[in-house]
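One structure is given below, encoded as structure tokens.
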Amino acid sequence: MKAAELIGKTAVGWDSCAACSDNSVLRLSLLRDLIGRLHALRSEGLATQNQNLISSIEEVETRIVKMEAARSFPATGKELENWLTCGLPAEVTPVAPVPNRELPPTLVEMLGGIKKLNRPDRLWERKLVEEAFRLSWVFWSVVAELPLEIVEKLGGIKKLNRPDRLWERKLVEEAFRLSWVFWSVVAELPLEIVETWHEDLKKRLWPEGLVLFVEADSNPASDRRNWRGRWIVIRRATAQNHISEAPEWKLLFPPSGT
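Per numbering that gives the first Met the number 0, residue 0 is the first one in the sequence shown, and the count goes up by one each step.
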């Protein structure tokens with residue numbers, strides 16, 4: 000599947016949740032899925048040495064990251080396609096600030112030390128810090144705190160803080176903020192239908208919920224031809240019915256504030 004088709008599918012999902020009052024968590028999940036699929040497509044480009052494909056995908060990935068960082072999301076799927084294929088609006092793209100400004104040691108330490116600020120993948124962050132300091136802006140540290148109980152039931156803080164779980168961590172924080180409900184769904188399935196069953200579950204949940212991540216269940220399958228998996232699901236507190244084909248639903252964490 001081409002990058003344009005992946006973006007088009009994401010745009011359809013974008014519009015499908017437009018009427019939801021708390022659609023930010025849904026749209027974060029769409030961007031997470033798109034990033035994952037683009038990464039897989041980029042791997043194909045690397046394997047075939049298709050530099051044009053690699054460059055175009057990296058450009059789209061950069062736009063997604065900037066858009067999420069700014070929390071400036073387009074209203075419609077068509078606008079999303081335009082933003083990702085043609086370029087972000089001027090107000091979303093940061094203006095490069097004046098470089099090479101000295102920073103107070105206390106500020107540098109607060110931001111994680113000089114090594115972190117000088118990393119190649121932190122180039123824009125360094126420039127933004129310098130410009131913000133030049134303009135006497137205020138630096139804040141905002142930490143999204145999650146209940147220890149939910150962190151432990153999702154596998155512990157190390158799992159949530161893994162580099163490959165960046166989007167899942169964002170989804171957990173947003174879902175908790177919106178008082179969504181966390182569920183564990185366990186199912187034992189023949190190996191050949193696991194992927195199909197997974198995709199069907201996602202469709203049945205949307206837009207009242209979504210799959211956060213999937214992992215092998217701690218209990219082995221009863222048949223070696225099967226796979227026993229654990230789906231971590233988040234759903235709106237107002238969602239009514241479970242999916243009948245998934246026999247083992249377990250409440251992990253109720254809506255916050257209850």
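Just so you know, even glycine gets a beta-carbon here, dropped at the ideal spot from N, CA and C. Being a predicted model, the structure only gives us computed values, none of them experimental.
Could you check the C-alpha separation between residue i and residue j for me, to the nearest Å?
i, j, result
"P219", "R234", "27 Å"
"P117", "T105", "Position check: residue 117 holds Asn in this sequence, whereas Pro was assumed. Computed Cα separation, rounded: 16 Å."
"L188", "W182", "19 Å"
"N225", "D21", "37 Å"
"L33", "D163", "14 Å"
"L110", "L40", "34 Å"
"S55", "A69", "21 Å"
Going by alpha carbons, who is nearest to residue i out of the options?
i, options, result
"H38", "E57, S20, N51 and Q48", "E57"
"L145", "E173, L209, E194 and G44", "E173"
"G208", "R164, T237, E60 and L110", "T237"
"V232", "N225, S217, F252 and W226", "F252"
"R168", "P88, L27, E101 and K202", "L27"
"W196", "V171, W230 and G86", "W230"
"S23", "E194, W179 and A215", "W179"
Does DSSP classify residue i as helix, strand or coil?
i, result
"N225", "strand"
"A220", "coil"
"L209", "strand"
"F138", "coil"
"L87", "coil"
"F181", "strand"
"F252", "strand"
"W151", "Residue identity differs from the one stated: residue 151 is Glu in this sequence, not Trp. In the structure shown, E151 sits in a helix (DSSP, three-state: H, G or I)."
"R235", "coil"
"L52", "helix"
"P189", "strand"
"E57", "helix"
"A215", "strand"
"E67", "helix"
"E101", "coil"
"E144", "coil"
Rounded to the nearest angstrom, how far is the Cβ of residue i from that of residue j, given a contact under 8 Å?
i, j, result
"L83", "R62", "5 Å"
"G76", "W166", "That belief does not hold up - the Cβ atoms of G76 and W166 are roughly 19 Å apart, past 8 Å."
"L204", "V213", "Not a contact, Cβ separation roughly 13 Å."
"W64", "A2", "Looking at the sequence itself, residue 64 is Val, so the reference to Trp does not match. Between A2 and V64 the Cβ distance is about 15 Å, and since that is not below 8 Å, they are no contact."
"L170", "R31", "7 Å"
#### Entry: the stretch 7 to 18 / the stretch 68 to 83 touching (three or more Cβ pairs under 8 Å)
yes
Check: Using 8 Å as the Cβ pair cut-off and three pairs as the minimum, do the stretch 144 to 164 and the stretch 219 to 228 touch?
Finding: no
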